[in-house]
Each structure stands twice: as C-alpha cells, then as structure tokens.
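Enquirer: Following full-length UniProt numbering, the residues of the sequence shown are numbered contiguously, the last one being 917. Backbone N, C-alpha and C fix where the C-beta goes; we use that ideal spot for every residue, glycine too. Got a structure for you, written out below as structure tokens; questions coming shortly.
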Amino acid sequence: MARLAWNEIQARAAAFAEEWSGETYEKGESQSFWAAFLEVFGINRRRAGGYFEYAVKLDGGRRGFIDMFLPGRLLAEQKSAGRDLNVARGQAFEYLDGLDDHDLPQAVVLSDFASFQHIDLDTRVVTEFALQDLPKHVRLFGPLIEQQSIKAEEASPVNRQAAERMAELHNALETAGYVGHKLELFLVRLVFCLFSEDAGIFEPKQFRDYVRHRTSEDGTDVGPRLSKLFEVLNTPEDQRSKNIDEDLARFPYVNGGLFAEVTAAPDFDANMRFALLLASQPDWRKVSPAIFGAMFQGVMDGDARHELGAHYTSEENILRVIKPLFLDDLYTEFEQARRSQQSAARLAAFHDKIAELNFLDPACGSGNFLIVAYRELRRLEMKVLEAKAKHSTMVFLATDFRVRVEQFYGIEIDEFPAQIARTAMWLTDHQMNTEAAQKIGHDYSRLPLTEGAHIVNANALTTEWSSVIDAHELDFIFGNPPFLGSRTMDRGQKAELKAVANGYPQSGFLDFVTGWYILADRMMEANPAIQTAFVSTNSISQGEQPGILWPRLYQRGNHITFAHRTFRWTNAARGVAAVHCVIVGFARTKREPAQLFDYPDIAGEPVLDLVQSISPYLIAGGEFVVSNRQEQISGAPRMAFGNMPADGGHLLLLPHERDELLAAEPDAAKWILPYIGAKEFLQGNERFTLWLKGISPAQLRAMPLVAARIAATREVRSASARPGLADTPHLFAQITQSPHTTVLAIPRVSSERRPYVPMQFFGPGNVIADSCLAIEGATEDVFALLTSAMHNDWLRTVGGRLESRLRYSKDVVYNNFVLPPISDAERAHLAELGRAVLGARALYPDSTLADLYDPVVMPIELRTAHTAIDAYVDRLYRTEGFGSADERVAHLLELVQEKEARTAKSGLTSPVGGAAD
1 MARLAWNEIQ ARAAAFAEEW SGETYEKGES QSFWAAFLEV FGINRRRAGG YFEYAVKLDG
61 GRRGFIDMFL PGRLLAEQKS AGRDLNVARG QAFEYLDGLD DHDLPQAVVL SDFASFQHID
121 LDTRVVTEFA LQDLPKHVRL FGPLIEQQSI KAEEASPVNR QAAERMAELH NALETAGYVG
181 HKLELFLVRL VFCLFSEDAG IFEPKQFRDY VRHRTSEDGT DVGPRLSKLF EVLNTPEDQR
241 SKNIDEDLAR FPYVNGGLFA EVTAAPDFDA NMRFALLLAS QPDWRKVSPA IFGAMFQGVM
301 DGDARHELGA HYTSEENILR VIKPLFLDDL YTEFEQARRS QQSAARLAAF HDKIAELNFL
361 DPACGSGNFL IVAYRELRRL EMKVLEAKAK HSTMVFLATD FRVRVEQFYG IEIDEFPAQI
421 ARTAMWLTDH QMNTEAAQKI GHDYSRLPLT EGAHIVNANA LTTEWSSVID AHELDFIFGN
481 PPFLGSRTMD RGQKAELKAV ANGYPQSGFL DFVTGWYILA DRMMEANPAI QTAFVSTNSI
541 SQGEQPGILW PRLYQRGNHI TFAHRTFRWT NAARGVAAVH CVIVGFARTK REPAQLFDYP
601 DIAGEPVLDL VQSISPYLIA GGEFVVSNRQ EQISGAPRMA FGNMPADGGH LLLLPHERDE
661 LLAAEPDAAK WILPYIGAKE FLQGNERFTL WLKGISPAQL RAMPLVAARI AATREVRSAS
721 ARPGLADTPH LFAQITQSPH TTVLAIPRVS SERRPYVPMQ FFGPGNVIAD SCLAIEGATE
781 DVFALLTSAM HNDWLRTVGG RLESRLRYSK DVVYNNFVLP PISDAERAHL AELGRAVLGA
841 RALYPDSTLA DLYDPVVMPI ELRTAHTAID AYVDRLYRTE GFGSADERVA HLLELVQEKE
901 ARTAKSGLTS PVGGAAD
C-alpha cells in the first residue's frame, strides 16, 4: 500500500491536535488517543501488529505493561496531563530491558496529551514539542512509514528465503571440503539457473525437474550431472552432440562466460541434494538482484552470516547518489527533446547519447549501485522509445534496445561479490527485458547472454582504473567505498592510502575513502568531463580532513556539484550500528546552482537547497577550508594540551589510594594535587596525581611508597616507544601548564547531544590532564565567546568526531576561530554574561556539568544565560545577527579567508601547518 503524502499527514496531525486538545485523563482515553495517533500516519494498529498494555517481564519477576507497542518500530508511554514525562521516560527504558532484541523499537514517544517527548534510540536525540505543534514534527515519525516499503523488500520472504536456502547449501558444500573459487563459481551458476527457470530464460521449473528426475536420491551423481548441464549451457545448440540427453538438449545456449570455466564437480549426498531442491522452491522471479546479491554475500561471510542484509545498500540511498549525479539531468534532457519542435531528431540523438554512456563503480561489492543504475537507464530508454514511436509507425525490434550491461564497469577486491555482481547484472538485464516485453506486447530476451558487465576482481587502490576502462570513454564514477577511519585501518590499508595520497600533506589523518576521491580525480584529469559521487562517512567533511583533501582537489580544478549532508544509513538488519553518512558529488565543471540536500530529521527525507557553491564542510559557502594553524588567528591566549603523565597509571591516584598513601607517608601531602581530566570535571569524579616537580632526592627517599611508584613509572617508560622519558620518571612526560595558575579547561571529546561544550575555570592547585585542552590566563570574556553558539556551531562544523561525539581541536577549531573586534565596554559586558553562566551553574551545586548540559534536564536559568550570550555574540560579528548555524559558520570561514588574504598581501607568513591534534 502506498504511504500517505506528507501534506496529508500534516493535515491529519492538525485535526488530531485539535480533537485531543484539553484531554487530561490517562486511563480513560489512552488507547483511543494512540489508535488515533497511528491513523494520522495511515497506520491501522491491528493491521500493523500493534498492542495496548503489552506485558513485559522486568527484574525481580515483576511485570510491566507498555501503553502502546509496535514491535520493531515504536514504544509509547502515556501519562495524565501535567505529569512528569521524565518519570515515563525511566519507565519506558525499563521496559526496553524486558524486550527481545528483534522487537526493540526505533523510537520511544512519551505524552501527557498536551505535549510529547520523542527519543530516537539510535542517536538518543530527544525532541520535545506541544500537541499543537505535532504537524511540524510528523517527520520525526518517518521510520513508521518511510522505511516500510524498503524494509518489506529487504526482509521479504522471497529474498530472505532464497538467501537462507543458498546459505544452507553453501555450508554443506563447505563442510564437505568443496571451498574457494570453485565453490563460489558453482553457487553463482546455481543462482542463475534457479532464477532462469522462474523468469522465463529456461522453461518453467526446468532446472528443478532436471535435478529431481535425473539425479539419484542419494545425491552421488548430482555433481557430475550439474557439470554436464553447465557444459551444455556453454555450448551453442548447433554444436552439441547428436546423442545428447533430450532433457539437457532443451536447455538454451547461455554463453556470456558464466559457464565457460571448467571446474571440479562437488560431491553431493542425499541431504545436499535435498537442500538444492529446497532452494528451488522460492519464486525467483520475485528475487531482487540488488537485494539478494548483498544478502547472499552476507550469508557467505562467516562474520556476518547471521545478519542478512547487514551489507545492503538500500535503493533509496543509491538513488540519492545517481539521481543528482546523472539521472535527473538525463530526464530533464529527455523532456526537452520530447517537447521540442525537432523532437524526432533530438530524441534520436538523446538515444544515441544514453547508449554510449559508461559507468564505473570502483568499490562495487555485489553490484548494488550498478544494478540500480542500469535498471534506471533501461527504464529511461523505454520512455525514449515510446516517445520516438509517436513520430512513426515503427514496431519495436531487438536492435532498438541499445542500453547494455557492457556500459557498466566495477572493481571489487573480493572474488565472491565480484562473481555475484557479474551474475546479478545479467539477471537484471533479463528483468528489464521482461519489463520491455510487457510494454511492447511481445517476448523480448537476450540469449545467448552478451559479454556482461565488466567486473574486475582487484584492489581498487593498487589498480590503475584506466586499465579497467579508458578514462576518455568514461562518463560517471560512483559508489560506496569502505568506511574506515584513519585510526581503524590496518597497516596494509594505511600503506595503500599513503601511496595513493602521495603529495597530500598530513595524509596520515585521512579516512580510507579519500583514496577513491584522489583516484577519481586522476581519471578526471585525463577526461575532465567525468563526474563523480561517493557515499562516505561524515568524518570526511569535518575536522582536519577537509583541510588536507580539498585544497589539492580545488587546485586541480574540482568543484562540489551536489551533496547530501549527514543522514542515517538505511539498513534493515537489526543489531547493525547506525552509521552517519554524507554523499559528495564533484566534477571539473562548476554547477550553478549547486544542490545541497539537508536532513532536518537525520532519518527522514532531505530538503533541497539550491546554492551558489558548496563548501567541503557541506554548507552553502565558498570553496575554502581551514587547515591546522600553530597560533591563534586573532591573537587570543594560547591553548595547549593538558599535562600528559605517560606513567602506566603509577603517578595517578584514586581517592582511596591517596588516603592510603597519606596514612603511611603524610609528607606526601604537599606533592599530591587534584588531577582534572574530562571525566573528572564533567561527571564529578575525583582523581589525584603525584606532582613532583622540584622534589629533592632526599625528600623522595624519605617516601618509599612514592619512590616505588616512580620506579614502576621508569619501567613503563623504558619499555615504551620513548625510552628517554625514563630518565625523569618522577615528572610528567609532557608539562604544558603550571598547576599554580588559573586555567580554562575544555574537554577534547564531548557528547554531540549537548547544546554547548561545557568549559570550566580551575584555580591554582590543580593539574589539568591531557584529556582536556587548557588556556592559561583566560578571562571571563574569552569564556563567554567560546561558550557561545557561534563557537559551538564552528566546532560542530570544522571540528572532528570520535564516533559521533564532538572532538575539539586546538589547531583546527580554536586557532582558526576569528574573534570579533570589540571595545572595552563590550568586553566588560561579555565578561558579565560569562559570569551569569557560571552563576547559573552555581545554583545547582549537587549537579555535575554532564547533568547541567543534558538537553533534557538543562536548567532554565542556565539555558537563559547561554541564550543571552548567543544573541550578544552574534551581534558582535554582524549587526543583524544570524538565522542559522550554517550562516554563522559561513561568516567565520569568510573572516578566516579575509585574514589569510590580508596576511598574504602584506607578505607575512601565515602561521599554519602545525601538527594535527
């Protein structure tokens, strides 16, 4: 069933809000409320498998009852009007512990009739809104409906059953010792045969009947019989033996190379024969090559065998790449040709064009991108032929269909998915021929098979792409290269990327996917008409990576032509971690306007913005990036790493360890100071450290327990990569601040959920740890600037990420943050606003900074104090202020660019190029 349009859903939501306005009683109307809520989205609670008062087992043998539950999708808890929804939240999370993994919902929603709390369980983002504002927030509930068609197809019984049946046969053959290339080739041949007998390439159930009736029940002759069948499928009818078995003679000549290679036949038994017959039961006409291929690959992968679909790239995400890359433009060109006065000639020329386009996926896996792209190009060709037919009395002929699988090229490092991709493209070709036959009213097929898609089993980072397809013959490059960060690559991958990125400064900080950007650029250098788009993790548009990758790409003439900002990867496999992705399209020709797709709801549909140009940070703005800078660009106080112990933990003390040490050696008291790391000042934990700078040998000998810790530190350092540090085992390995001054400490990593990164002043007598960055001598006006929305938006855009958490960088974030020119009076007012934030925190002495900056429970006094800073700082930069985070960041990037331009004009050296932190 087609889902409702969003405008219809919004209209229903408005009517729902009006109908339920003023309702207050939980028990009396709760079930009617939630049934009506689901109807807003066109969901019938009973048909959708929803429950009221769903019972779950809790700790201690207790039972709980979920107010409304849609397994796998939504858990709802209802309270009477005015009741604390945080209580309902705790109740809901307790219920989650009592659910089976496969029933875990995507979201929790809480309501007291008058208001809602929506909690995304993947991102833990909490959204609160009033009942009357439901129409504005309906897309939060997109997973209720947007993913249904995708998930239904991914998890459809036919696709899943087919993959599982083939997995059973795979496991049996592997256990019997039939492994490696011959097993993989054998399995893809079986897939082709099973598909062919249901899809009209063979006679109906011809393959199944051959196995059932022409092999013995004990299975001993199945292998040789199948080998003979494969030989027949590779032999033209007129070249076959005159004495060939009639059942074999009825099979068509397939060719295409699929059955050309001769391999040893597997040894079957009765159970394996039965598994093969079971595999023929699903209706393989309904198996989607785009989905089955990845499922099949997944079940063959021992690490992923139980997570069907775990490696599947949904068609929705593939279309997000190929539509703005080429498909939308082709449809626009087709419509222009169809409507023109020279329609016949222009349609003929357009048909020539699409029949000559060539596509490359240099990380093709089991072929999902190639399959969907080929399918969409064939469907466009069908529209062209229908339009051409209106200008003549032509009858469709086989020669009229000119888009071919041979226009598609792929590189895949693993042999098995490469085999799957090759076969899946043939299956897709047949499916499209079947679609065409329905349109033209008579059978149309392509047998014998043509050469097929050009899928090369090779390492894309060590293979010349031009050896797969000449750059001058290539039009588009696209795909979904591996998601590996600079810190998660193995040694071999790092070496491969380093070789590819030769000439890119600080390439050791680049993610693996950037190797594909660099190699695509080399193809585009040979042929500037090529256009490229890759799915990537969003880390490539954050932190130091844009400043490493894009200056060189810009220098070589590239421009970002379209981009999808961060969105959540669509995947139906339960238990797979959410991945936040971006899509970046680029070319040697600048597109005006460029297309920037934003996701107000990270799991919802994108909103298109046409912009003059797109920054590597994927915001509207100039083609400029910031790089590592050694000094603060506006001359603000120096920021440094906290002090690094490198001690194996021997210089650090938990509270009880400090107490025990002081009980035995009271003289150690003057040498023990509070140790302030990110966890300590965010979560209120306590740790201490031995700070022994200036201690004499005699003082140290008088404290044998302290001396023992120093000796242990010496051993750790002697065995480390920096054994020279063992010469001073009583000192921190890196001392960047004195514990005798006031410092402003900033955690190097902070939750992305917090609206502001918490910062804290610490007076003399504290040692700041290297999990923090620190500014000695920072004043309250500097604190106000750094805790503003201006600075936090800057951090979220140009800073890096650790997983999804914000990673603060002194060289990229702080040193490139341009401070506004301010008067003494403005500085004084900023300091006053900063003190107001500190005062609001002081109202809650029992709360940690982690508590105070939790967006759900952040006190109104603190939020108000921060809002005052935000508004004032915005006006310091621009009188009219800013309407969005993107506007703030774009303005700051312009200021950095202007400062660098002035520096270059004056002949001074810009202090950039420091080591990334």
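1) Buried or exposed: which applies to Arg73, given that a residue is buried once 16 or more other Cβ atoms fall within 10 Å of its Cβ?
2) Using only the alpha-carbon positions, how far apart do Leu892 and Pro855 sit?
3) For Asp352, I'd like the list of residues in its chain whose CB is within less than 7 Å of its CB, leaving aside the five on either flank, ordered along the chain.
4) Please report how far the alpha carbon of Ser771 lies from the alpha carbon of Leu144, in whole angstroms.
5) Are there 16 or more other CB atoms within 10 angstroms of the CB of Thr175, so buried, or fewer, so exposed?
6) With DSSP as the reference, label Asp609 as helix, strand or coil.
7) Using a Cβ distance threshold of 8 Å, determine whether the segment 826 to 842 contacts the segment 736 to 746, with at least three qualifying pairs required.
8) Per the contact definition of three or more C-beta pairs closer than 8 Å, is the segment 513 to 533 in contact with the segment 473 to 482?
9) Got a sec, what are the start and stop residues for the beta strand (DSSP E) Asp361 sits in?
10) Apply the 10 Å Cβ neighbour rule to His472 and answer buried if 16 or more other Cβ atoms are within range, or exposed otherwise.
11) Please specify which runs of the beta strand (DSSP E), each continuous and at least 3 residues long, are wholly inside the segment 743 to 820, giving them in chain order.
12) Where do the N-terminal and C-terminal ends of the beta strand (DSSP E) with Gly410 fall, by residue?
13) Counting Cβ pairs, one atom from each stretch, are 3 or more of them under 8 Å apart for the segment 868 to 883 and the segment 593 to 602?
14) Tell me whether Arg701 is buried or exposed, calling it buried when 16 or more other Cβ atoms sit within 10 Å of its Cβ.
15) Could you compute how far the alpha carbon of Pro546 sits from the alpha carbon of Gly515?
16) Classify Pro481 as helix, strand or coil using the three-state DSSP reduction.
17) I want to know whether the segment 686 to 695 touches the segment 717 to 724 - three or more CB-CB distances under 8 Å.
18) Let me check understanding here. Comparing Cα to Cα, which of Glu435, Thr423, Glu496, Ala453 lies closest to Asn459?
19) Across which residues does DSSP place Glu77 in a beta bridge pair?
20) Within its chain, find whatever has a CB closer than 6 Å to the CB of Asp831; leave out the 5 residues flanking it on each side and keep chain order.
21) In whole angstroms, what separates the C-alpha of Leu327 from that of Pro362?
22) Sort Glu94, Ile469, Ser809 by Cα distance to Phe65 and report the nearest one.
23) My guess is that Ile455 and Ala418 are in contact by the Cβ rule of under 8 Å, so how many angstroms apart are they, rounded?
24) Within its chain, find whatever has a CB closer than 6 Å to the CB of Ile413; leave out the 5 residues flanking it on each side and keep chain order.
25) Only counting the same chain, and skipping five residues up and downstream in sequence, which positions put a Cβ closer than 8 Å to that of Ser466?
26) Helix, strand or coil: which one does DSSP assign to Arg687?
27) Please check the pair Pro289 and Ala499, which I expect to be a contact at CB under 8 Å, by giving their CB distance rounded to whole angstroms.
28) Report the residue from Ile371, Val607, His118 whose alpha carbon sits nearest the alpha carbon of Asn86.
29) Can you find the residues in the same chain that come closer than 7 Å, C-beta to C-beta, to Ile9, ignoring five residues on each side of it along the sequence?
30) I believe Ala162 touches Arg285 by the beta-carbon criterion, under 8 Å. Please report the beta-carbon distance rounded to the nearest angstrom.
31) If distances are taken between C-alpha atoms only, which option among Val812, Ala708, Asp221 comes closest to Glu544?
32) Between the beta-carbon of Pro266 and the beta-carbon of Gly223, is there less than 8 Å?
33) Excluding sequence positions up to five away, which residues of its chain have a Cβ less than 8 Å from the Cβ of Ala711?
34) Among residues of its own chain, excluding the 5 on either side of Arg638, which ones have a beta-carbon nearer than 6 Å to its beta-carbon?
35) Enumerated in chain order, which unbroken segments of the beta strand (DSSP E) with a length of 3 residues or greater are wholly contained in the segment 333 to 390?
36) Where do the ends of the beta strand (DSSP E) carrying Tyr51 lie?
Expert: Concretely, from the data shown:
1) buried
2) 26 Å
3) none
4) Using only the alpha carbons, I get a separation of about 40 Å.
5) exposed
6) strand
7) no
8) In short, these stretches touch, since the Cβ pair count reaches three.
9) Where Asp361 is concerned, the enclosing beta strand (DSSP E) stretches over 359 to 361.
10) exposed
11) Listed in chain order, the complete beta strand (DSSP E) runs (minimum 3 residues) inside the segment 743 to 820 are 743 to 747, 760 to 762, 772 to 776, 800 to 802, 805 to 807.
12) 408 to 412
13) no
14) exposed
15) As the crow flies, the alpha-carbon of Pro546 is around 14 Å from that of Gly515.
16) coil
17) no
18) Glu496
19) BP columns for Glu77 point to Leu110.
20) Looking at the sequence shown, residue 831 is not Asp but Ala. For Ala831, where only same-chain residues beyond five positions count, the Cβ hits under 6 Å are Glu780, Asp781.
21) 19 Å
22) Glu94
23) 5 Å
24) Asn459
25) Residues Met523, Ala526 of the same chain have their beta carbon placed closer than 8 Å to that of Ser466, with the five preceding and five following residues left out of the count.
26) coil
27) With 8 Å as the limit, Pro289 and Ala499 do not qualify as a contact, their Cβ atoms being about 35 Å apart.
28) Closest by alpha carbon: His118.
29) Val40, Phe41, Val138
30) Going by Cβ atoms, the distance from Ala162 to Arg285 rounds to 11 Å, so no, they are not a contact pair.
31) Val812
32) yes
33) Only Pro729 meet the Cβ criterion.
34) Excluding sequence neighbours, Arg638 sits near nothing in its chain.
35) 359 to 361
36) 51 to 57
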